[in-house]
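Going left to right, the sequence shown walks through residues 823 to 927 as my numbering numbers them. Glycine residues also receive a C-beta, built at the ideal position from the N, C-alpha and C atoms. Since this is a predicted model, take the numbers as computed values, not measurements. These notes concern the structure reproduced below.
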Amino acid sequence: SNADALIGAAECHVERGRMHKQFGPDVLPSVMCEYDAHVSSMRSHFARGWELYARALDLAAGANPRKDPGWASDRLEVAYNAACAACLAGELDTARGLIESVVAC
Numbered sequence: 823s824n825a826d827a828l829i830g831a832a833e834c835h836v837e838r839g840r841m842h843k844q845f846g847p848d849v850l851p852s853v854m855c856e857y858d859a860h861v862s863s864m865r866s867h868f869a870r871g872w873e874l875y876a877r878a879l880d881l882a883a884g885a886n887p888r889k890d891p892g893w894a895s896d897r898l899e900v901a902y903n904a905a906c907a908a909c910l911a912g913e914l915d916t917a918r919g920l921i922e923s924v925v926a927c
């Protein structure tokens with residue numbers, strides 16, 4: 823589905839951002855040669871990951887209520903991962919709201 827594709831792409835971007843954060847330009851010189859470019863790439867991956875998660879959440883919110891939304895654990899996992907992506911992208915208020923909704927369930 824479109825939501826699955828968005829979530830998969832979001833996961834990839836967040837993971838790429840984490841790789842940049844974990845390994846740094848000294849370990850991955852072929853990917854990034856300069857520190858500023860490395861940090862910029864890391865931030866852009868986190869931002870893109872959050873953007874894709876947000877689109878998936880919007881898509882789910884507008885879904886047909888008669889259609890099976892899937893397992894609750896899957897939906898909560900997506901909301902939790904979206905909150906993590908929002909936090910990594912610097913969207914702390916949004917991340918807090920998503921985490922609160924997960925905990926409330």
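Measuring CA to CA, which of Cys927, Val924, Ala926, Thr916 is closest to Gly869?
The identity of residue 869 in the sequence shown is Ala, whereas the question assumes Gly. Of the listed residues, the one whose Cα sits closest to Ala869 is Thr916.
How about Ile921 and Ala905: are their beta carbons less than 7 Å apart?
Between Ile921 and Ala905, the gap from beta carbon to beta carbon is short of 7 Å.
I need the DSSP call for Leu927, collapsed to helix, strand or coil.
The identity of residue 927 in the sequence shown is Cys, whereas the question assumes Leu. Reduced to three states, the DSSP call for Cys927 is coil.
If you check the beta carbons only, do Arg865 and Leu828 fall under 7 Å apart?
Contact flag unset, no.
Which of the three DSSP states is assigned to Gly830 in this structure?
Correct three-state label for Gly830: helix.
Would you mind giving the Cβ-Cβ distance between Tyr875 and Ala832, rounded to the nearest angstrom? I have them listed as a contact below 8 Å.
Indeed they touch by this definition, with Cβ atoms about 4 Å apart.
How would you call Leu914, buried or exposed, if buried means at least 16 neighbouring beta carbons within 10 angstroms?
Exposed.
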